[in-house]
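**Q**
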Amino acid sequence: MVDKRDVAHTKGGQPAADNGASQVEDEALPQDFETALAQLEALVAQMESGSLALDQSLAAYEKGVGLARICQNLLDSAEQQVKVLQGNLLKPLAETPEGDED
Numbered sequence: 043m044v045d046k047r048d049v050a051h052t053k054g055g056q057p058a059a060d061n062g063a064s065q066v067e068d069e070a071l072p073q074d075f076e077t078a079l080a081q082l083e084a085l086v087a088q089m090e091s092g093s094l095a096l097d098q099s100l101a102a103y104e105k106g107v108g109l110a111r112i113c114q115n116l117l118d119s120a121e122q123q124v125k126v127l128q129g130n131l132l133k134p135l136a137e138t139p140e141g142d143e144d
């Protein structure tokens, strides 16, 4: 038989917790900024309260890193969209394409 301790490992090579903390890891992360930020704020408040066990805190931290990464990626994307829009607006209005001169 295969020992579960040899199989159930996280990315870091440490044994995965099997007492409910894996539920935090298995939940799908939101793909919209507002939901991700709200979940991140709730996780921070929960961790700051000190009510979580160590393994739950680690799982919450791992989920928080994922949520923070989602928020950062969405903010970066929004910033790029703003730059593109600003770039299009800042072109000189009197500019005419070559060959269209009368």
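Per our numbering, residue 43 is the first one in the sequence shown, and the count goes up by one each step. Glycine residues also receive a C-beta, built at the ideal position from the N, C-alpha and C atoms.
1. When you compare the segment 83-91 with the segment 110-120, are there three or more beta-carbon pairs, one atom per stretch, that lie closer than 8 Å?
2. Here's a check: name, in chain order, each residue in its chain whose Cβ is nearer than 8 Å to the Cβ of Ser99, leaving out the five neighbours to either side.
3. Measure the alpha-carbon distance for Ala84 versus Asp97 and round it to whole angstroms.
4. Look at the alpha carbon of Gly129 and the alpha carbon of Ala95, and state the distance between them as a whole number of angstroms.
5. The alpha helix (DSSP H) spanning Asp118 covers which residue range?
6. What are the boundary residues of the alpha helix (DSSP H) that Gln88 is part of?
7. Who are the near neighbours of Gly108 in its chain, counting only those whose CB is closer than 7 Å to its CB and skipping five residues on each side?
8. Using only alpha-carbon positions, find the residue among Ala87, Ala110, Leu127 that is nearest to Gln73.
**A** Result, derived from the coordinates:
1. Touching, no.
2. Only Met89 meet the Cβ criterion.
3. If you take the alpha carbons of Ala84 and Asp97, they lie about 17 Å apart.
4. Straight-line Cα distance between these residues: approximately 50 Å.
5. Here the alpha helix (DSSP H) through Asp118 covers 96-131.
6. Gln88 -> alpha helix (DSSP H) spans 75-91.
7. Around Gly108: Leu71.
8. Ranking Ala87, Ala110, Leu127 by Cα distance to Gln73 puts Ala110 first.
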